[in-house]
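Protein chains: 2
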Amino acid sequence: MTDPLRPTHLGTMRERNLALVLGGIARHQPVTRARLAELTGLTKTTVAAQVTTLEGLRLVSGALPVRGGGRGRPGAPVSLAPGPVAGLGLEVNGHYLAACVLDLTHAVRLRESVACDNGGREPHETVAALAALARRITDRAGDAGITLVGTAVALPGVTVEDHVNAPNLGWEAVPASALLADALPAQALGIEVDNEANLGALGELWYGAGRGAGSYLYLSGEIGIGAGIVFDGELFRGGHGAAGELGHVVVDPDGPACRCGGTGCLEQVAGLDAVLRAAGVPDGTGRCEPRLTELLRRLDDRDHHALEAVDAAGRGLAVALVGAVNLLDPDTVVLGGSHARLAPWLIPPIEKAIALGGGKLRGRTPVLRASTLGAESAVRGAAGTVLTRILADPLAIA
Amino acid sequence: MTDPLRPTHLGTMRERNLALVLGGIARHQPVTRARLAELTGLTKTTVAAQVTTLEGLRLVSGALPVRGGGRGRPGAPVSLAPGPVAGLGLEVNGHYLAACVLDLTHAVRLRESVACDNGGREPHETVAALAALARRITDRAGDAGITLVGTAVALPGVTVEDHVNAPNLGWEAVPASALLADALPAQALGIEVDNEANLGALGELWYGAGRGAGSYLYLSGEIGIGAGIVFDGELFRGGHGAAGELGHVVVDPDGPACRCGGTGCLEQVAGLDAVLRAAGVPDGTGRCEPRLTELLRRLDDRDHHALEAVDAAGRGLAVALVGAVNLLDPDTVVLGGSHARLAPWLIPPIEKAIALGGGKLRGRTPVLRASTLGAESAVRGAAGTVLTRILADPLAIA
DNA sequence: ACGATTAAGTCCAATGTATGTACTAAACAG
DNA sequence: CTGTTTAGTACATACATTGGACTTAATCGT
Chain W
969 MTDPLRPTHL
979 GTMRERNLAL
989 VLGGIARHQP
999 VTRARLAELT
1009 GLTKTTVAAQ
1019 VTTLEGLRLV
1029 SGALPVRGGG
1039 RGRPGAPVSL
1049 APGPVAGLGL
1059 EVNGHYLAAC
1069 VLDLTHAVRL
1079 RESVACDNGG
1089 REPHETVAAL
1099 AALARRITDR
1109 AGDAGITLVG
1119 TAVALPGVTV
1129 EDHVNAPNLG
1139 WEAVPASALL
1149 ADALPAQALG
1159 IEVDNEANLG
1169 ALGELWYGAG
1179 RGAGSYLYLS
1189 GEIGIGAGIV
1199 FDGELFRGGH
1209 GAAGELGHVV
1219 VDPDGPACRC
1229 GGTGCLEQVA
1239 GLDAVLRAAG
1249 VPDGTGRCEP
1259 RLTELLRRLD
1269 DRDHHALEAV
1279 DAAGRGLAVA
1289 LVGAVNLLDP
1299 DTVVLGGSHA
1309 RLAPWLIPPI
1319 EKAIALGGGK
1329 LRGRTPVLRA
1339 STLGAESAVR
1349 GAAGTVLTRI
1359 LADPLAIA
Chain E
969 MTDPLRPTHL
979 GTMRERNLAL
989 VLGGIARHQP
999 VTRARLAELT
1009 GLTKTTVAAQ
1019 VTTLEGLRLV
1029 SGALPVRGGG
1039 RGRPGAPVSL
1049 APGPVAGLGL
1059 EVNGHYLAAC
1069 VLDLTHAVRL
1079 RESVACDNGG
1089 REPHETVAAL
1099 AALARRITDR
1109 AGDAGITLVG
1119 TAVALPGVTV
1129 EDHVNAPNLG
1139 WEAVPASALL
1149 ADALPAQALG
1159 IEVDNEANLG
1169 ALGELWYGAG
1179 RGAGSYLYLS
1189 GEIGIGAGIV
1199 FDGELFRGGH
1209 GAAGELGHVV
1219 VDPDGPACRC
1229 GGTGCLEQVA
1239 GLDAVLRAAG
1249 VPDGTGRCEP
1259 RLTELLRRLD
1269 DRDHHALEAV
1279 DAAGRGLAVA
1289 LVGAVNLLDP
1299 DTVVLGGSHA
1309 RLAPWLIPPI
1319 EKAIALGGGK
1329 LRGRTPVLRA
1339 STLGAESAVR
1349 GAAGTVLTRI
1359 LADPLAIA
């Protein structure tokens, strides 16, 4: 083990307090310097100095003075600057590419997505298409006077030693970071790559159904099933960054064999492919989206096979989630991906199972919700991580 | 959400660097000031000042100079002071009470335990017995010139709003912290209460089978089955401090009903009571220990019922652990409690199941080991948490 | 054996951040 | 208009780390 701690010197102290003040502004804007001093525990003098620095970085700007507040001199509140500084989120998925620009106030400034089949082509083609999308977005950002200060890319795969394995894209040990650094336009600075389930979890936590949850579990259900685990606002990545493989939890020891080598994995029971097959929805073009729509139509029509298939998926998810809930004790569980759209049929049986299994011993059971951002959670989460990066270390953008 | 961050002022900086230097000494003792400066990134001047402070706190002391090292002036190495400062760990369990004193070098200075049936008596009686044990230990510590600077107590239960629920002790909403603060001798300062599985996990991580693991899972198997989850050296407590209820993971959806309300919980298959019952070991006096010994004897004799019962337990544990491993991706899994003694029969089937289920996709599978501290892991862990408290904030002991 | 060299530890002025007090500015209450 | 209250600013002060000069103590080369 190396020494994990770093020395604290004068500059470190300043950085930390700068981030503290910026965080205070972010959470309480518009806010006066005096109130910030109370909130942060720093003195008025210090806060004023830090705010001046932040204004120089164009991260905060003066808001309209609030008149008629109370007795003394009215404060001159400051807020996060909605204008110049923003983060770029990108996403590669099996069926589409997406981009999204969030400014410091977490407002979506720009967004764009392209439907295309990324599973059927070479990594460099996909990366080139993403780069084209990114160029369009960065050009639009430039026109709008927005300065992008960081980029995060969501991929449906796991990074192992700088190489990405993404089965649904057909990627094996692809040096994604290097490819992206070459292909993306120069305005896309500080590129970071992360798992789509992880970033989706954060997107849903910050902007969607997970808002306000202290600890929560996000279930990203597509063909495979992944989970994003958030604890105290931070992602739990596990020992090797591969936590959250909920898809291969055993839900039925006597169930069907899985490509992972086990038997009765959740994916074989509640993965989208498995559900569609069990419901008897025909293969069609091979694209999932229309098949999912067809499944939803049949569910609305109370088709017996469809209902039975979704019910079985619900039972499987319930077993897996009871295990996960007992192990992790989250506040909130959010169903994302395709499973968000099946939520009306999935949530009741799962809630019942969680209430029965172990919840009784612990007092409270987690709230179960469907994703509210739909397909957008991962891009939003990606752009959001850039913002938290800025909030944590404001000087890094200079 | 409140503002989680605190302001950093000059004193904070000093505290952090003091802890940094102390940590450097702890990990590299004996070590010279010059080497510490390299390790910490601080200057020689600062390190020297901090070391002087630490000597004043009696936390470090000069070691023997190493002669014949290299060219220039030989350094005057310092080490953690083995003498004065130490932490006290206490444990209440169904069948015994235990105490243990660790000095800063993590050496066991004193230890003592008492067998007694704590499940069959009132909380205040158990606390009084623990206090008597603690008094003996603190007296011995005083005689040996040891100053105790903190206390941690391991209980087989969960703390909910300052009240402890411990089914195996028959405790329901017992205000344990308050009782202990009253009953324990004055030398037992800064009393903290934590779950036995959590502290056992830390004990095993620091001093036992988990040493060197970055992320790991500790399974505390007695009548119930709990888990301690450690990630980057820190306990994962979950949303409400009740993470790790592995005992109620569903391992067989068609299995027997459990007192938690669910069906097919791990505890019903692999809990000690369940195994003993399945193996046909008679109830005897009701105490577990002799029954476990009897079970081990039968296993050695290749008794058919015993082997079958333990094998079933292994299969159940395998299902639960495959789930936990997929979700958490730990380096190492340690079997503790009674299950450590059954490990020779349990580990092979579990390892096979983990290798099959999901491990294939991820490349590496965690190492599976039996606890090496046996019944002592929780007390050791308790005393150890006191030490880490000191290392993290050396000034707090003054 | 003696000086040159190398490295550890200490002394002290310099740097830079937060603090505290005093001061100015701007609103409201009477 | 005057007194009161609160926001923000100016400036001297306190204090932890820094960096360079200095002292101390060992080995190496001759």
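These protein sequences, in sequence, are chains W and E.
For the first sequence, the working numbering gives the first residue as 969, with consecutive numbering after it.
For the second sequence, the working numbering gives the first residue as 969, with consecutive numbering after it.
For glycine and all other residues, C-beta sits at the position ideal for the given N, C-alpha and C.
- In the DSSP annotation of this structure, the continuous segment of the alpha helix (DSSP H) that includes Ser1306(W) starts and ends at Ser1306 to Arg1309.
- Here the segment 988–1004 of chain E lies against the segment 1037–1051 of chain E, with 3 or more beta-carbon pairs under 8 Å apart.
- Contact between Leu1359(W) and Ala994(W) holds: CB atoms are separated by about 6 Å, below the 8 Å threshold.
- A Cβ-Cβ distance of about 16 Å is found for the pair Gly1349(W) and Leu1078(W), leaving them out of contact under the 8 Å criterion.
- For Asp1162(E), the enclosing beta strand (DSSP E) covers residues Ile1159 to Asn1163.
- Taking 8 Å as the cut-off, the beta carbon of Leu1185(W) is found no closer than this to the beta carbon of Ala1177(W).
- Sorting Leu1137(W), His1063(W), Pro1143(W) and Asp1220(W) by C-alpha distance to the C-alpha of Pro1258(W) places His1063(W) at the top.
- Ala1181(W) and Phe1199(E) have their C-alpha atoms roughly 21 Å apart.
- Proximity of chain E to Gly1206(W) at the Cβ level (cut-off 9 Å) is accounted for by Ser1183, Phe1199, Leu1295, Leu1296, Asp1297 and Pro1298, in chain order.
- DSSP, read as helix, strand or coil, puts Gly1215(E) in helix.
- Residue burial is scored here from C-beta neighbours: Gly1125(W) has at least 16 other C-beta atoms within 10 angstroms and is therefore classed as buried.
- Around Ala1292(E), the beta-carbon contacts reaching into chain W at under 7 Å are Leu1295.
- The bridge partners DSSP lists for Gly1194(W) are Ser1188(W).
- Exclusion of the five residues before and after Asp1271(W) leaves Ala1247 as the residues of its chain whose Cβ lies within less than 8 Å of its Cβ.
- From the beta-carbon of His1074(W), no residue of chain E is found nearer than 8 Å; the closest lies around 15 Å away.
- By alpha-carbon distance to Leu1244(E), the top candidate from Val1142(E), Arg1266(E) and Gly1055(E) is Arg1266(E).
- Within chain E, the residues placing a beta-carbon under 7 Å from that of Arg974(W) are Gly1009, ordered along the chain.
- Here Thr1013(E) is exposed. Its C-beta has fewer than 16 other C-beta atoms within 10 Å.
- Residue environment: Arg1039(W) is assigned as exposed (fewer than 16 neighbouring CB atoms within 10 Å of its CB, all protein chains considered).
- For a Cβ distance threshold of 8 Å, residue set Val1219, Asp1220, Arg1283 and Val1287 of chain W lies close to Pro1221(E), ordered along the chain.
- Its chain contains Leu1187, Leu1214, Gly1215, Leu1234, Glu1235, Ala1238 and Gly1239 as the residues whose beta carbon lies nearer than 7 Å to that of Ile1193(W), once the 5 sequence neighbours on both sides are disregarded; these appear in chain order.
- Between Leu1296(E) and Gly1206(W), the gap from beta carbon to beta carbon is short of 8 Å.
- No Cβ-Cβ contact shorter than 8 Å links Leu1123(E) with Val1069(E).
- In the three-state scheme derived from DSSP, where H, G and I count as helix and E and B as strand, Thr976(E) is classed as coil.
- In summary, the residues of the segment 983–997 of chain E whose CB is separated from some CB of chain W by less than 8 Å are Arg984, Asn985, Ala987, Leu988, Gly991, Gly992 and Arg995, in the order they occur in the chain.
- Residue environment analysis places His1307(E) among the buried positions, since at least 16 neighbouring C-beta atoms fall within 10 angstroms of its C-beta.
- Of all residues in the segment 1130–1163 of chain E, none is placed with a Cβ closer than 8 Å to any Cβ belonging to chain W.
- Among the CB atoms of chain W, none fall inside 8 Å of the CB of Gly1196(E).
- Shown here, Glu1344(E) sits in a helix according to DSSP, grouped into three states.
- Among the residues facing chain W, Gly1212(E) is included, as its CB has a counterpart in that chain under 8 Å away.
- Contact between Ile1197(E) and Gly1212(E) holds: their C-beta atoms lie close to 6 Å from each other, under 8 Å.
- Excluding residues up to 5 positions away in sequence, Thr1333 and Leu1336 lie with their Cβ nearer than 8 Å to the Cβ of Glu1319(W) in the same chain.
- Burial check for Leu1167(E): the Cβ neighbour count within 10 Å reaches 16 or more, so the residue is buried.
- Rounded to the nearest angstrom, the gap between the Cα atoms of Pro1221(E) and Asp1220(W) is 7 Å.
- Between the segment 1299–1313 of chain W and the segment 1128–1142 of chain W there are fewer than three C-beta pairs closer than 8 Å, too few to call the two in contact.
- If one requires a minimum length of 4 residues, the alpha helix (DSSP H) runs lying completely within the segment 1222–1289 of chain E are 1235–1238, 1240–1247 and 1256–1268, in chain order.
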